[in-house]
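Student: Just passing along the structure, written as structure tokens.
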Amino acid sequence: MKVSYFPGCTLKTKAKELDAYARKCAEVLGVTLEEIEDWQCCGGVFSTSRDEVATKLSSVRALKAANDKEQPLVTVCSACHNVIKQTNHQVQTDAEFADKVNRYMAPEAPYSGETAVYHYLEMLRDLVGFDKIKEKVVNPQTGKKIAAYYGCLLLRPNKVMQMDDPENPSIIEDFIRAIGAQPVIYASRNECCGGYVTMESPELAKKKSNAVTGNAAAAGAEMMVTACPLCRYNLVKNGSEIPVVYFTELLAEALGVKEDTNA
Amino acid sequence: MHNKNQYLQEELLRTSGVNPKKCMRCGKCSATCPAYDEMEYHPHQFVNMVESGDIEPLLNSKSLYRCLSCFACIDRCPRGVEPAKLVEAVRLAAIRKQGANHLKADDVPAMLDDDIPQQALVSAFRKYAK
Amino acid sequence: MQRIGVFVCWCGSNIAGTVDVQAVSDALKNEPGVVFSTNYQYMCSQAGQNMIKDAVAEHKLTGIVVCSCSPRMHEATFRKTAAAAGINPYMVEIANIREQCSWVHKDMVTGTEKAIILGKAAVAKVNLNTPLTPGESPVTKRALVIGGGIAGIQTALDIADAGFPVDIVEKKPTIGGKMAQLDKTFPTLDCAACILTPKMVDVAQNDKIRIFSYSEVTDVKGFVGNFDVTIKKHARYVKEDICTGCGACTEKCPMKKVPNEFNLGMDNRSAIYIPFAQAVPKVATIDPNYCNMLKNGKCGVCSKVCAAGAIDYKQQDEFIEEKYGAIVVATGFNPISMDKFDEFAYNQSKDVITSLEFERLTNAAGPTAGKLLRPSDLKHPHTIVFVQCVGSRCDACAEKGKEYCSKICCMYTAKHAMLTRDKYPDTDVYVFYIDVRTPGKNFDEFYRRAVEEYGVHYIKGMVGKVTPEGDKLKVQASDLLANKQLHIDADLVVLAAAIEPDKSARPLATMLTASMDTNDFFTEAHPKLRPVESPTAGVFLSGACQGPKDIPETVSQAGAAASKVIGLLAKDKLTGNPCVASSNELMCNGCSTCERVCPYGAITYENKEFRMPDRTTAIRRIAVVNPAVCQGCGCCTVACPSGAMDLRGFANSQIIAEVDAICK
Amino acid sequence: MQVKEYKPLIVAFCCNWCSYAGADLAGNNRLSYPADVKIIRVPCSCRVNPMFVLRAFQRGADGVILCGCHPGDCHYTSGNYYTRRRMALLFSMLDYLGIEKERTRVEWVSAAEGAKFAATMNDFAEKVAALGENKRLEDLRCKR
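Chains as they are written, first to last, in my numbering: chain Z, 176 to 438; chain Y, 100 to 229; chain E, 11 to 674; chain D, 451 to 594.
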């Protein structure tokens with residue numbers, strides 16, 4: 176299976192491991208990630224304003240590129256996924272916006288939101304299947320108590336993201352089970368870490384991050400997984416009691432390809 | 100009641116797609132807001148104040164830059180009002196004015212550390228500057 | 011050819027002031043079929059009516075046109091006159107020359123002109139009238155009540171009181187419904203069981219009432235006065251007539267780990283069980299999903315300990331067919347699932363409960379024997395947060411919850427808060443509200459007492475997130491009046507979940523051809539004036555199946571439904587409206603279009619033998635209208651593609667004749 | 451020869467439960483509307499067969515209006531919804547045939563809306579009068 180892949184800027188710099196493991200694991204699972212040529216930064220955060228057009232063009236270009244190859248578009252970073260999926264939704268539902276976008280880009284055929292956008296996790300669940308992952312696991316992560324940290328961007332706004340139940344999600348928990356570990360459910364898994372406001376107000380980010388990690392630790396978690404580099408940064412920087420890793424790293428470990436990547 | 104901000108109000112409602120009349124004043128948006136304590140005007144007040152045309156205080160408030168875009172108020176609002184979209188619209192109305200950027204490039208180096216991901220930087224620029 | 015008499019009324023000067031009545035009666039004299047035409051001061055007076063009667067006799071009239079006030083005013087009067095004069099009452103037509111002519115037009119010329127045209131239209135119609143006789147159908151003097159909660163119980167008792175036999179069908183093993191699960195009732199705080207269980211006993215002892223418990227309605231045929239109903243009685247593996255309800259089996263049953271639905275799963279029961287001490291009928295029921303004997307043939311303890319020999323592992327579902335004259339729907343409500351509202355952590359913590367669960371926690375017969383202990387560690391909670399409007403009053407596009415106000419939550423929450431503070435004054439009680447709605451006798455006084463005398467903290471705002479951490483529930487909420495975000499460490503959180511109609515209601519509505527709204531509440535025949543009747547004749551509504559209701563309202567609606575049923579069953583025969591649809595079987599091609607548009611399910615199909623011109627016979631499917639069910643709207647007549655369907659009294663030919671007369 | 455003042459001919463179908471009662475109420479309150487409007491009583495607006503409308507135009511009517519209960523208030527629960535759909539189809543077809551949209555109308559008038567009934571009829575009659583005689587569908591063989 177071949178899919179278009181949008182890594183995003185953070186995965187090329189500060190979160191290289193998130194990217195590297197994602198590629199390696201996809202290979203093992205029989206998925207070819209074809210990186211979109213000349214992709215541009217998604218902008219990190221989606222503007223819900225209907226008159227904000229130019230900042231969304233990079234996402235539409237990526238979507239269009241995937242559509243031209245008739246492939247679904249896969250992202251690993253939660254932020255990229257959120258921006259691209261919301262942009263796609265806006266193209267689908269807001270005719271005025273779609274018209275403006277197509278005038279800007281002047282493509283041969285207008286783009287109207289045909290591309291299916293998957294987060295890597297959704298790809299694992301819907302295109303690969305957690306059962307298949309279970310079969311491919313060589314190092315089951317037995318005994319590890321892992322707390323899934325969804326943050327905001329994977330689940331919300333639910334009307335658009337449609338990944339999982341926004342208040343009681345299970346996709347990462349199912350993933351944790353698939354690799355043989357034990358998920359820890361805690362209430363703050365879909366609360367905000369403080370996001371980009373960490374730049375201006377580190378105190379706010381600290382308060383929010385500590386509430387999340389504290390809640391996970393109190394629930395008995397030994398480790399947290401996330402899909403978002405900014406979440407991980409906020410949680411780690413603000414002194415999480417327990418390690419925070421990318422889900423792809425755990426997947427690589429379970430599939431027995433972690434060392435290769437480091438080499 | 101005379102509304103001196105009628106034009107701006109209409110613009111905000113149009114670009115955000117929010118209908119503040121749907122609000123039933125339950126305050127769940129402000130109950131769920133993670134940035135509440137750092138805000139001078141809270142999500143439910145954005146809805147109220149835009150509806151009544153009392154928009155200047157919002158334009159000049161740092162509350163605009165404290166919204167985390169976590170969309171919690173959007174998902175949990177029982178009436179589908181989606182306050183975050185209104186915050187976003189007011190924020191754009193503020194920073195689109197000339198020289199009104201909230202974040203200047205010169206300020207950035209002081210905010211950085213070795214680990215901060217690009218994502219934070221581009222997001223902040225999206226949110227704080229035009 | 012008809013022999014028509016035209017009678018133009020002056021109505022004093024009401025008509026004669028703007029319409030030249032003499033000109034009208036003269037003009038209509040020459041219309042086809044008219045053999046007599048006159049005018050008179052007050053046609054509706056005794057003298058006027060006698061004039062009509064005399065004219066019928068003298069001129070051998072077969073049809074009557076009265077040019078007078080609105081038919082809504084005196085159509086019935088003149089029909090009676092016609093009947094008294096010996097002609098069919100449906101041979102009378104009224105031309106409305108008062109409300110729709112003389113009163114709205116100012117000058118004599120136009121008024122007279124229009125009155126003549128209206129008269130001509132009426133004459134044209136009468137020419138095509140046919141005598142109509144209302145159909146009659148017998149009434150089975152037995153009522154069916156579906157649902158055995160307080161609504162069904164009260165309806166059944168009231169009907170039985172009037173001397174008519176009633177059957178109650180209840181899907182649970184006992185009657186009693188939601189009210190049996192409640193602790194106290196607002197605003198008087200009397201104990202629910204104390205006022206409900208005597209009524210349950212009354213039902214059991216009333217020889218006019220039969221209870222089919224653990225049963226459901228599986229099929230309904232027929233129509234008002236003549237319903238044929240099939241009731242499925244589920245096998246309870248206990249002979250109902252032999253079991254004494256001693257409870258020995260439930261004590262000895264080795265399978266004790268079955269979640270007890272009566273206590274909403276907060277404790278366990280045995281596989282053979284009696285739902286609660288005052289159950290009616292008080293007989294045991296074996297839960298086939300948990301009984302080892304039924305599942306794998308190993309056990310049989312209950313049959314050994316049963317002194318009466320009531321256990322029957324071989325019992326089968328039983329189908330009972332019965333005839334009823336009226337059906338009352340009393341299927342009640344349930345709290346909605348909290349799955350979509352997990353920001354309140356209902357699925358994450360045992361100490362986040364619904365209000366109905368709170369009722370069981372404070373009930374002396376509940377899992378904690380009436381002590382308010384939180385489910386997780388059985389400790390006394392010191393801080394309790396009540397959240398109102400969970401899932402009620404949601405916008406349709408919010409994709410979760412219900413649009414309506416569940417109506418009962420404000421009052422029961424005030425009750426819970428008050429009772430908690432009364433029994434445990436050391437407990438802090440917070441109630442988060444959007445609005446407090448207390449329209450009811452002594453309701454607002456009750457809520458104010460909770461605040462003023464019992465010190466319940468009412469906070470205008472909503473809870474945004476509940477985070478279980480350690481043994482606390484961290485509640486994040488807004489206080490809108492103080493413009494603050496609150497953080498409360500609570501021990502127990504109680505959610506006032508919205509209520510929704512029971513899931514059995516929709517399939518039942520389909521069986522009954524009774525209409526429902528988008529929320530699956532049954533719709534009433536008229537929202538103000540016929541609130542306990544369904545638009546489907548013979549089907550009545552009682553309790554929360556029609557909309558959220560508290561107990562006093564439910565009981566009064568139950569009584570109202572019963573009185574409607576009694577009114578129906580008291581009749582020996584039902585007289586219908588003769589202006590109903592009928593199908594011309596030679597033209598009908600059996601396409602089912604009419605059946606689909608009929609709001610009353612009045613149209614069925616039958617196969618009928620027809621003699622063909624070549625002396626063979628052919629069987630064709632044709633539509634048949636049940637005149638007792640048809641209400642005469644005429645929708646089917648327009649839908650019918652072959653023109654077979656027509657409406658008596660308002661036939662296609664009659665309306666076209668009116669159009670032609672007006673356009674001439 | 452005397453030139454007759456042009457008077458439109460308007461056929462109004464009114465449902466028995468709401469609109470006919472609304473028309474009566476207009477009368478009770480002495481609210482005037484043109485005498486050109488002639489009302490035919492039907493049990494429900496859904497009783498009106500498109501054929502009746504066509505017949506009226508064929509016989510020289512200049513406008514046809516249907517009045518029924520407000521959506522949701524139909525005495526027969528759903529009849530007026532059928533009316534709405536059927537007439538939308540019929541009127542668009544008539545429009546295609548050259549019967550101007552202003553000559554046809556469906557209006558919801560409740561039993562309490564006497565004033566609305568009169569206002570509707572005044573407005574409708576005025577619009578139809580402005581269009582002049584309907585010649586498109588009129589069957590000259592039926593000419594008076």
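Think of the CB as a built atom: it goes at the ideal place given N, C-alpha and C, for glycine as much as any other residue.
Among 319(E), 166(E), 430(E), 625(E), whose alpha-carbon lies nearest the alpha-carbon of residue 574(E)?
Tutor: Minimum Cα-Cα distance from residue 574(E) among the listed residues 319(E), 166(E), 430(E), 625(E) corresponds to 166(E).
Student: How long is the line joining the alpha carbons of residue 381(E) and residue 390(E), rounded to whole angstroms?
Tutor: 8 Å
Student: Please report the residue range of the alpha helix (DSSP H) in which residue 11(E) lies.
Tutor: Note, residue 11(E): premise wrong, no alpha helix (DSSP H); not H, not E.
Student: Put residue 481(E) into one of helix, strand or coil per three-state DSSP.
Tutor: coil
Student: Alpha carbon to alpha carbon, what distance is there between residue 240(E) and residue 204(E)?
Tutor: 34 Å
Student: My understanding is that residue 127(Y) touches residue 176(Y), with C-beta atoms under 8 Å, so please give their C-beta distance in whole angstroms.
Tutor: With a beta-carbon spacing of about 6 Å, residue 127(Y) and residue 176(Y) fall inside the 8 Å limit used to define contacts.
Student: Mind reading off the beta-carbon distance from residue 303(Z) to residue 430(Z)? Whole number of angstroms is fine, and I expect it under 8 Å.
Tutor: Residue 303(Z) to residue 430(Z), Cβ: 12 Å. No contact.
Student: Can a CB atom of chain E be found closer than 7 Å to the CB of residue 384(Z)?
Tutor: no
Student: Just to confirm my understanding: we take residue 552(E), look at its own chain, exclude 5 residues before and 5 after, and list those with CB closer than 6 Å. What are they?
Tutor: So the list reads 161, 165, 338, 340, 567, 568, 571, once near-sequence residues are dropped.
Student: Counting only beta-carbon atoms, is residue 495(E) nearer than 7 Å to chain Y?
Tutor: yes
Student: What residues in the region 407-420 of chain E have a beta carbon less than 9 Å from any beta carbon of chain Y?
Tutor: 407, 408, 409, 410, 411
Student: Is the shortest distance between the beta-carbon of residue 84(E) and the beta-carbons of chain C less than 7 Å?
Tutor: This model lacks chain C altogether, as its protein chains are Z, Y, E and D.
Student: Locate the beta strand (DSSP E) running through residue 467(E), then write down its first and last residues.
Tutor: Residue 467(E): member of the beta strand (DSSP E) spanning 467-470, first to last residue.
Student: Indicate the three-state DSSP secondary structure (helix, strand or coil) for residue 398(Z) in the structure shown.
Tutor: strand
Student: Quick test of your reading: residue 442(E) and residue 476(E), contact by CB under 8 Å. State the CB separation rounded to the nearest angstrom.
Tutor: The pair is not a contact, with the Cβ atoms about 11 Å apart (cut-off 8 Å).
Student: So which residues on chain Y does residue 189(Z) lean against when the C-beta distance must stay under 7 Å?
Tutor: Per Cβ cutoff of 7 Å: 214, 216, 217.
Student: Find the nearest neighbour of residue 109(E) within the set 418(E), 128(E), 268(E), judged by alpha-carbon distance.
Tutor: 128(E)
Student: Out of 245(E), 583(E), 667(E), 216(E), which has the shortest C-alpha to C-alpha gap to residue 224(E)?
Tutor: 245(E)
Student: Just how far apart, CA to CA, sit residue 51(E) and residue 16(E)?
Tutor: 14 Å
Student: Starting from residue 250(Z), follow its DSSP beta bridges and name the residues at the other end.
Tutor: 181(Z), 294(Z)
Student: Anything in chain E within Cβ reach of residue 129(Y), meaning under 8 Å, just list it in chain order.
Tutor: 471, 474, 488, 490, 495
Student: Rounded to the nearest angstrom, what separates residue 30(E) and residue 57(E) at their Cα positions?
Tutor: 21 Å
Student: Run down chain E in chain order and give the residues with a C-beta less than 7 Å from the C-beta of residue 363(Z).
Tutor: 477
Student: Is DSSP giving residue 570(D) helix, strand or coil here?
Tutor: helix
Student: Could you have a look at residue 462(D) and say whether DSSP puts it in helix, strand or coil?
Tutor: strand
Student: Does any residue of chain Y have a CB that is nearer than 7 Å to the CB of residue 509(E)?
Tutor: no
Student: For my contact list, residue 471(E) and residue 454(E) are in at a C-beta cut-off of 8 Å; report their separation, rounded to the angstrom.
Tutor: About 20 Å separates the beta carbon of residue 471(E) from that of residue 454(E), a gap too long to meet the 8 Å contact definition.
Student: Just verifying my parser: in three-state terms, what is the DSSP assignment at residue 305(Z)?
Tutor: helix
Student: If you check the beta carbons only, do residue 530(E) and residue 515(E) fall under 7 Å apart?
Tutor: Closer than 7 Å, so yes.
Student: Report, in whole angstroms, the separation of the C-beta atoms of residue 572(D) and residue 483(D), which I expect to be a contact under 8 Å.
Tutor: 5 Å
Student: For residue 328(Z) and residue 338(Z), which I take to be in contact (beta-carbon distance under 8 Å), what is that distance rounded to the nearest angstrom?
Tutor: Residue 328(Z) to residue 338(Z), Cβ: 10 Å. No contact.
Student: Taking a contact to mean a Cβ-Cβ separation below 7 Å, would you say residue 457(Z) touches residue 402(Z) in this structure?
Tutor: This structure cannot settle anything about residue 457(Z), because the visible part of chain Z is limited to 176 through 438.
Student: Rounding to the nearest angstrom, what Cα-Cα distance links residue 438(Z) and residue 191(Z) in this structure?
Tutor: Low confidence applies to residue 438(Z): its pLDDT is 38, below 50, so where it sits in the model is not reliable, and the reading given next is rough at best. So the alpha carbons of these two residues sit roughly 14 Å apart.
Student: So who's on the other strand from residue 456(E), going by DSSP bridges?
Tutor: In the DSSP output, where bridge partners are listed per residue, residue 456(E) has none listed.
Student: How big is the Cα-Cα spacing for residue 468(D) and residue 374(E)?
Tutor: 55 Å
Student: Tell me whether residue 7(E) is buried or exposed, calling it buried when 16 or more other Cβ atoms sit within 10 Å of its Cβ.
Tutor: Beyond the ends of chain E as shown, which are 11 and 674, falls residue 7(E); an answer cannot be given.
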